[in-house]
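Count along the sequence shown from 1, add 4, and you get the number used in our numbering. One structure is given here, and the rest of the page talks about it.
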Amino acid sequence: MAASAAASEPGGGTLRVVLGDQLSRNLSALEGLDPARDTVLLAEVMDECTYVMHHPKKIVLVLSGMRHFARALASRGIRVAYTRLLDRGNTGTLRGEVLRAIARFNPERVVATEPGEWRVLDDMRGWQKASGIEVEIRDDTRFICRVQSFRAWAQGKRTLRMEFFYREMRRQTGLLMNGDQPEGGRWNYDTENRKRLPATVEPPPLLHFAPDEITGEVMGMVADRFRSHFGRVDGFGYPVTARDAKMALDDFIANRLPFFGDWQDAMRRDAPHLFHSLVSTSLNLGLLQPLPICRDVEAAFRRGAVPLNAAEGYIRQIIGWREFMRGIYWMHMPGYAKLNALGARRQLPWLYWSADTKMECLRQVVGQTREYAHAHHIQRLMVTGNFALLAGVHPDETDLWYLIVYADAYEWVEMPNTRGMSQFADGGIVGSKPYAASGAYINRMSDYCGHCAYDVTKTTGERACPFNFLYWDFIARHADRFAANPRMAMPLRGWERMDPEKRAAIREQAAAFLASLDTGARP
Ligand code: FAD
Ligand code: DLZ
Ligand code: SF4
């Protein structure tokens with residue numbers, strides 16, 4: 005894999021930098037690669053492993069993915085300079101490793117692909133000055149919508165809504181289109197996608213990829229070096245090569261996609277993955293690409309293996325939400341990271357790290373997150389996200405938690421989902437209203453409440469579900485702001501029409517509950 009001689013090698017050629025989430029053969033930084041003259045640099049560095057205390061399974065995923073990718077490149081006769089995390093001389097930073105490789109290979113220029121986080125792009129923009137040689141930063145062509153194209157689409161629009169962006173993406177890609185009309189006559193089949201999961205339905209198991217020698221070695225190192233991080237490496241089974249990622253995708257399309265639409269929003273105790281794809285771990289790493297995934301899904305629909313509501317719903321997540329979120333991130337950074345439209349101030353409750361709570365929904369989702377470094381969308385949005393929103397947790401704290409705990413988390417996708425969609429801290433850039441809900445929603449979509457110490461039917465008094473009084477307290481706290489939002493008219497009216505005594509009891513119980521959260525009591 006890596007040649008590790010310290011002496012300078014004959015100069016010339018291009019140094020091509022591949023970051024840990026850029027493990028794609030068609031990466032723009034690799035375009036035009038000349039195996040006779042060029043060198044590809046992959047560097048495991050402590051800075052990237054610790055800028056937040058990532059879940060150990062995420063570190064294993066990225067480092068093992070990098071080692072496998074480097075091996076695949078080397079097997080095609082490409083010269084790869086690979087720095088391992090514990091190599092002597094490792095500077096610990098991406099910039100330091102690029103400078104070290106420049107000193108060693110003496111290239112004519114450096115080529116990189118734009119990274120997925122603002123802080124890395126900011127640093128990358130300084131590499132040319134620091135090294136004294138040309139550094140070309142290329143577009144990330146693995147996305148369907150380039151950053152400039154998103155800006156062009158957004159220009160002149162007062163509000164940006166995913167649905168209209170998504171229709172553009174459908175037209176542009178031709179996915180599920182009949183000429184210029186959407187397949188089946190409608191763009192969106194979400195109304196058919198919010199079913200409760202019957203207790204008799206048994207979700208099929210997920211493919212587990214047993215660690216090979218490379219992954220095993222990385223697991224040992226990560227277990228040793230990142231002991232204090234949330235979660236463990238044990239049980240790691242995500243794909244770390246493009247071949248395995250494709251196998252996992254095929255398994256999803258054959259066994260879970262047909263039901264994806266119907267039960268996309270469902271949650272069940274001790275059944276973490278249900279009918280979701282878990283494609284995000286591979287897709288965000290570069291092992292899979294959005295368009296081929298969607299073409300496979302469309303082909304399954306065309307051959308009659310998958311209903312339209314499932315195929316459309318799935319494709320919308322990838323060419324709609326995923327691309328939209330990335331566009332929002334790059335359009336609004338770096339200011340987006342500071343937005344706090346609702347003025348939330350609370351510290352993240354300890355239960356987000358311990359899963360130690362009587363609230364069964366949170367116990368399940370945090371516990372599962374710790375175990376798998378994964379939770380599905382509704383769990384992230386309507387359980388952990390909803391609770392943080394209702395409790396008024398500072399978006400910096402919530403953002404940090406989501407970036408740490410999930411194996412698929414990179415700022416370009418994590419931040420607009422957390423700060424925007426889930427916490428409404430962007431004041432409505434991503435969504436037209438906050439995703440705030442009482443316990444009734446969680447009860448409708450899961451079996452959690454039947455196993456909870458709290459009573460989901462009660463809003464106040466002993467055993468009242470905290471989501472219920474916190475929901476109304478949230479509406480009351482922000483009543484002035486929400487008065488201007490027509491989509492919040494219904495809950496506001498509900499609050500105003502409520503008996504004054506009940507309103508007072510709700511506010512009192514919410515205040516006591518939030519105060520006890522702040523003192524670290526077990527909620
Ligand atoms: P599936 O349900 O099988 O969906 C298929 C794919 O669609 C996903 O793999 C993903 O690539 C895409 N997708 C679906 N919803 C979204 C969305 N809202 N935004 C972007 N892509 C989407 N997704 C991440 O990839 N990384 C994150 O760090 C992340 N953080 C999130 C934080 C919060 C608070 C919320 C509410 C959502 C977040 N999401 C994030 C979106 C979504 O929850 C995950 O993409 C999804 O759960 C990944 O699991 P899956 O592959 O099984 O998804
Ligand atoms: C997430 C991550 C980790 C844990 N480690 C590395 C690493 O050692 N080297 C590297 O090049 N990339 C790593 N990454 C991914 C980067 O953090 C990612 O490229 C940036 O956050 C931009 O998306
Ligand atoms: Fe969660 Fe309330 Fe249901 Fe308990 S009763 S699981 S706290 S929603």
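We treat Cβ as the ideally placed atom computed from N, Cα and C, and that holds for glycine. All values derive from a computational prediction rather than experimental measurement.
Whole angstroms is fine: what's the gap from M494's alpha carbon to E500's?
Roughly 10 Å between the two C-alpha positions.
Identify every residue that forms a DSSP beta bridge with I141.
BP columns for I141 point to A116.
Regarding M363 and ligand 3, is the C-beta to nearest heavy atom distance less than 7 Å?
M363: yes, Cβ under 7 Å from ligand 3.
In terms of residues, what are the limits of the alpha helix (DSSP H) holding I227?
Correcting the residue type first, residue 227 is Ala in the shown sequence and not Ile. Residues E217 to R229.
Would you call the segment 181-194 and the segment 311-323 in contact, with 3 or more CB pairs under 8 Å?
The segment 181-194 is in contact with the segment 311-323.
For Y2, name the three-state secondary structure that DSSP assigns.
For the chain, the structure presents residues 5 to 527; residue 2 sits outside this window and is missing.
Taking P294 as the reference, which of F147, R330 and R113 has the closest Cα?
When each option's Cα is compared against that of P294, the closest is F147.
What would DSSP say about M181, mapped onto helix, strand or coil?
M181: strand per DSSP, three-state reduction.
Indicate the three-state DSSP secondary structure (helix, strand or coil) for D360 in the structure shown.
Coil at D360, not helix or strand.
Determine the direct distance from the alpha carbon of G120 to that of L393, and round the result to whole angstroms.
Cα-Cα distance, rounded: 26 Å.
I want to know whether the segment 347-367 touches the segment 209-224 - three or more CB-CB distances under 8 Å.
Flag = no, the segment 347-367 and the segment 209-224 do not touch.
Across which residues does DSSP place V21 in a beta bridge pair?
V21 is bridged to L45 and A116.
Please state the DSSP three-state secondary structure of P311.
Correct three-state label for P311: coil.
What's the gap between the Cα of V370 and the Cα of T388?
If you take the alpha carbons of V370 and T388, they lie about 8 Å apart.
Measure the CB-CB distance between I106 and I137 and report whether it falls below 8 Å.
Cβ distance < 8 Å, so I106 and I137 count as in contact.
Would you kindly check if the distance between the Cβ of V226 and the Cβ of V56 is under 8 Å?
For V56 and V226, no; Cβs fall outside 8 Å.
Could you tell me the distance, in whole angstroms, from the CA atom of M70 to the CA atom of P399?
When rounded, the distance between both Cα atoms is 31 Å.
Just to confirm my understanding: we take D459, look at its own chain, exclude 5 residues before and 5 after, and list those with CB closer than 8 Å. What are they?
Excluding positions up to five away in sequence, the list reads R467, A468 and C469.
Hey, could you find the ends of the beta strand (DSSP E) R83 is sitting in?
It spans R83 to T87 - the beta strand (DSSP E) in which R83 sits, taken as one unbroken run.
Please report the straight-line C-alpha distance between E187 and F169, rounded to a whole angstrom.
Those two C-alpha atoms are separated by around 17 Å.
So the candidates are A348, A116 and T54; which of them puts its Cα closest to the Cα of A33?
Among A348, A116 and T54, the Cα nearest to that of A33 belongs to A116.
In angstroms, rounded to a whole number, what distance separates the CA positions of A348 and L31?
C-alpha separation (whole angstroms): 40 Å.
At a cut-off of 7 Å, would you count F471 as near ligand 3, judging by its Cβ distance to the nearest heavy atom?
Yes.
According to DSSP, simplified to helix, strand and coil, what is P338?
Of the three classes helix, strand and coil, the one that applies to P338 here is coil, per DSSP.
Between S153 and E418, what straight-line distance do the alpha-carbon atoms span, to the nearest angstrom?
C-alpha separation (whole angstroms): 21 Å.
Given a threshold of 16 other Cβ atoms within 10 Å of its Cβ, counted over all protein chains shown, does G498 qualify as buried or as exposed?
Exposed, by the Cβ-count rule.
How close, in whole Å, do the beta carbons of G331 and V151 come, if the pair is a contact with beta carbons under 8 Å?
That belief holds up - the Cβ atoms of G331 and V151 are roughly 7 Å apart, short of 8 Å.
Here's the rule: buried if 16 or more other CB atoms are within 10 angstroms of the residue's CB, otherwise exposed. What is A525?
A525 should be labelled exposed.
Could you check where the alpha helix (DSSP H) with L295 kicks off and where it finishes?
Note, L295: alpha helix (DSSP H), P294 to R306.
DSSP beta-bridge partners for M166?
M166 is not bridged to any residue.
Taking just the CA atoms, how far does F263 sit from L287?
Using only the alpha carbons, I get a separation of about 21 Å.
Whose CB is closer than 5 Å to a heavy atom of ligand 2? List the residues in chain order.
That query returns the following residues: L23, G24, D25, E48, V49, E52, C53, I63, V66, P119, G120, E121, V124 and Y414.
Sort out for me which residues DSSP pairs P186 with in a bridge.
Partner(s): M181.
Any heavy atom of ligand 3 closer than 7 Å to the beta-carbon of Y458?
Indeed, a heavy atom of ligand 3 lies less than 7 Å from the Cβ.
Report the rounded CA-to-CA distance for F473 versus D503, giving the unit in angstroms.
Approximately 14 Å between the Cα atoms of the pair.
For ligand 3, is there any heavy atom lying closer than 7 Å to the beta carbon of N390?
No, since every heavy atom of ligand 3 falls outside the 7 Å radius drawn around the Cβ of N390.
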